[in-house]
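Residue numbering for the sequence shown follows UniProt numbering, starting at 1 and increasing by one per position.
Following: one structure in structure tokens, then a few remarks.
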Amino acid sequence: MLYVSDPKALHSIIVKDQYVYEETPTFLRLNRIVFGTSLISTLGEAHRTQRKMLNPVFSIAHMRYMLPIFYNVANKLGSAVGARVADGPQELDMLGWMGRTALELIGQGGLGYSFDPLVRDKADAFGDALKMLLPTLTELGVLRFAIPFVVQIGTPAFRRRLVEILPSRRVRKLRDVVDTMDQRSRDIFDARKAALKEGDEAVLRQVGQGKDIMSILIKANMETTLEEDRLPEEELVAQMSTFIFAASDTTSNTLARILHLLAQHQDIQDKLRQELLTACQSDAPLSYDRLMQLSYLDAVCRETLRVHPPATMLDRQARKDMMLPLSEPIRGINGQMMSEIPVPEGTKVFVGVVGSNLNKALWGEDALEWKPERWLSPLPNAVTEARIPGVFSNLMTFLGGSRACLGFKFSEMEMSEYCMPLSRVGKIDEFPPGEVVLAVLVPKFTFELTAKPIVWNMAPVRYPTVGKESVKAEMPLKVGLFKKFDV
């Protein structure tokens, strides 16, 4: 077993020799049980075919079309929060609100579907299922590693019956979560497909007017002339479940983390609010270009993604004997210097996302500190010269290579929605919804800690709870109106 954060070794694992270092069979089987046959449960040609179909709908040009949708959803969130704190500061579960908002952003922008008008106190059932997936998997403990092997036993009907009779409340809870996600994904898929078959008038009546990611994907799949490039409907439904979970969970948890950090660092919250208030001289939403000029918002988002990536590491397994090259020689247990490490076939290799993002040799002695200001100056030469193989801003947060996070532009855009353009990720022309959300919330509201201790739990995607013993994902903060907006 190896934990790897060396840049040259990471390049070998996720770029140069990526088809040698692939996801473990257990990881793939578990994802197939939860999501179906999708990008995160396939390898080889099946994975390449799916990615080829999905790539165009995640282009930067298409992301720009979604900006009005993002602002519409973010403003609904602002109204909902404002209504709850109109009479004075209140304790609100901001993870819950971020989850509901991220789901609605993905629903409207990604699926042409509205999950939640953000009016009621209770979230949509689908949103509840998404929120419970990671805590439920974590609660399974060692059972999580045994469940994937059930896929190899008997027929689907037999496996279903086996789950029904297992004396495990936790397994049945996972079944209910998966069933809710799968059924809603199928319902949305059928509605999108029916609208496309009816023609342009029916499409224009839908949320997103056919510009959403799923409508474009279904239409492209229907128009594909090469049979080998066409995805079965089961795989399209699986892509929906995967996309909804990956984008909503990572986005909501990252936005919640930013709000938590702003509550801990009032000086940074004040500085970010001042930048946004200066930029927002009227009630009109900021243009794309203006958002891209907000350097401190960008810095806050980038630094959060550096220090607190949603996924801290990912595992791979060597499919054959390999030699793993190193950026700097290390001394072996025999005392000799080594510039590469032998990796026997079957070795589990952990891609150290946090290890790379917080590497003091690259980022400096303050690498472990959350300091947005570091992004307002040129990065250390050690960082830029290391050739870190991440797809985003010299970070491993969204990985790299052919299995890089396909929707990272979408996630970034979502983050900006809450606090404004999520920090112009990577200095390329991309706009995250998360920044939009921040742009709406931070100028209007103040965020403070409560007496309840917030603990971030290790999981495939980290999530907060109140205290160490709780398994309920939540993050209470004291939220009030900023004095300029006080009435």
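In this text, a Cβ means the ideal position worked out from N, Cα and C, and glycines have one as well.
Because the structure is a prediction, the values reported are computed rather than measured.
Quick check: residue i and residue j, are their CB atoms within less than 8 Å of each other?
i, j, result
"V351", "L326", "no"
"L39", "L28", "no"
"T304", "L261", "yes"
"V20", "M322", "yes"
"P460", "L134", "yes"
"T250", "P342", "no"
"V437", "V85", "no"
"L291", "E435", "yes"
"I106", "A247", "yes"
"M1", "L111", "no"
"L259", "A279", "no"
"R273", "E22", "no"
If you drop the 5 nearest sequence neighbours on each side, which residues of the same chain put their C-beta closer than 8 Å to that of residue i?
i, result
"L368", "V307, L358 and K360"
"Q183", "none"
"D124", "R100, L103, F115 and D116"
When you compare each of the options to residue i by their alpha carbons, which one comes out closest?
i, options, result
"S470", "Q264, I33, N457 and C280", "N457"
"Q108", "I213, D176, R302 and E22", "I213"
"I388", "G401, R374 and Y296", "G401"
"L379", "G390, E365, A459 and N394", "N394"
"A451", "E91, E233, M66 and N75", "E91"
"V171", "D190, I188 and M132", "M132"
"N31", "N72, P25 and S41", "S41"
"R192", "I258, S168 and M222", "M222"
"V383", "L2, K8, V4 and M1", "K8"
Helix, strand or coil for residue i? Go by DSSP, reduced to three states.
i, result
"G99", "helix"
"R424", "Because R424 carries a pLDDT of 34, less than 50, the predicted location of this residue cannot be relied on, and the following value inherits that uncertainty. Of the three classes helix, strand and coil, the one that applies to R424 here is coil, per DSSP."
"Y21", "strand"
"D176", "helix"
"F392", "strand"
"S327", "strand"
"P232", "coil"
"F482", "coil"
"I333", "coil"
"V15", "helix"
"E469", "coil"
"M292", "coil"
"G352", "strand"
"V4", "strand"
"F27", "helix"
"F447", "strand"
In chain order, what residues of the same chain lie with their CB nearer than 7 Å to the CB of residue i, ignoring the 5 residues before and after it?
i, result
"V119", "A80"
"G426", "Any reading at G426 must be qualified, since the residue scores a pLDDT of 36, below 50, and its modelled position is unreliable; the value itself is stated next. Result list for G426: F392 and S393, in chain order."
"G78", "V440, L441 and K444"
Have a look at the DSSP bridge pairing and note the partners of residue i.
i, result
"N457", "Y463"
"Q90", "V479"
Is residue i near the ligand SAM, in the sense that its beta carbon is under 7 Å from a heavy atom of that ligand?
i, result
"S377", "No copy of the ligand SAM occurs in the structure displayed, which carries no ligand at all."
For residue i, which residues in the same chain have their Cβ closer than 6 Å to its Cβ, ignoring the five residues on either side in sequence?
i, result
"G390", "M396 and G400"
"T224", "R230"
"L204", "Bear in mind that the predicted position of L204 carries a pLDDT of just 49, short of 50, making it too unreliable to give a figure here."
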